[in-house]
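Residue numbers (the numbering used here): 227 to 371.
Just so you know, even glycine gets a beta-carbon here, dropped at the ideal spot from N, CA and C.
Quick notes on the structure that follows.
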Ligand code: AMP
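Below, the structure is given as structure tokens:
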């Protein structure tokens, strides 16, 4: 049975190409494909309390992400603007929320296959896998990053 609705999570780096291509291959002409990028609040990255106003920087970050997402949609015409999502928040939480809301049956993410100490730095792929509301495919990315 093919998947009905595939959600591709992209970090908007050049590494999202293999992730998107894998999802496109799986979707074929059958599955609906949605795209998501989460902009993490800057205060979150700095660990909460930051004694300065980050709102302008945050807006720039959001605008930049929107431009990159639009470029991806132009590059891969199968991806549709109306099926692309850009939100603020914590990636795992937002990806799970969207997958549930949109009735996705597969989430596709990239994975660096980190091990040892690097694992302590965390990985979005691992994070997304935990309590995922549907199947998750981790596309192996090359190790030069
Ligand atoms: P990382 O754990 O940061 O190496 O990211 C691994 C994969 O998680 C990426 O290839 C994306 O599929 C996904 N990912 C990471 N960050 C984000 C983000 N901010 N929004 C959506 N997906 C993300």
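Residue i: CB within 8 Å of a non-hydrogen atom of the ligand AMP
{"i": "residue 237", "result": "yes"}
{"i": "residue 251", "result": "no"}
{"i": "residue 256", "result": "no"}
{"i": "residue 367", "result": "yes"}
{"i": "residue 362", "result": "no"}
{"i": "residue 338", "result": "yes"}
{"i": "residue 358", "result": "no"}
{"i": "residue 330", "result": "no"}
{"i": "residue 300", "result": "no"}
{"i": "residue 281", "result": "no"}
{"i": "residue 325", "result": "no"}
{"i": "residue 240", "result": "no"}
{"i": "residue 190", "result": "Since the first and last residues shown for the chain are 227 and 371, residue 190 lies out of range."}
{"i": "residue 232", "result": "no"}
{"i": "residue 182", "result": "The chain is shown only over 227 to 371; residue 182 falls outside these bounds and no answer can be derived."}
{"i": "residue 263", "result": "yes"}
Residue nearest to residue i in terms of C-alpha spacing, selected from the options
{"i": "residue 299", "options": "232, 229 and 238", "result": "238"}
{"i": "residue 312", "options": "329, 326 and 294", "result": "294"}
{"i": "residue 246", "options": "361, 264 and 334", "result": "334"}
{"i": "residue 281", "options": "314, 236 and 303", "result": "314"}
{"i": "residue 235", "options": "357, 257 and 351", "result": "351"}
{"i": "residue 257", "options": "358, 357 and 330", "result": "330"}
{"i": "residue 353", "options": "288, 322, 318 and 285", "result": "318"}
{"i": "residue 302", "options": "278, 288, 327 and 260", "result": "260"}
{"i": "residue 357", "options": "229, 326 and 336", "result": "326"}
DSSP state of residue i mapped onto helix, strand, coil
{"i": "residue 239", "result": "coil"}
{"i": "residue 245", "result": "helix"}
{"i": "residue 279", "result": "coil"}
{"i": "residue 256", "result": "coil"}
{"i": "residue 233", "result": "strand"}
{"i": "residue 331", "result": "coil"}
{"i": "residue 371", "result": "With a pLDDT of 45 at residue 371, under the threshold of 50, the modelled position of that residue is not reliable, and no figure is offered here."}
Supposed contact pair residue j and residue i - C-beta distance, whole angstroms, cut 8 Å
{"i": "residue 338", "j": "residue 363", "result": "Contact doesn't hold; Cβ gap of about 15 Å is too wide."}
{"i": "residue 233", "j": "residue 262", "result": "6 Å"}
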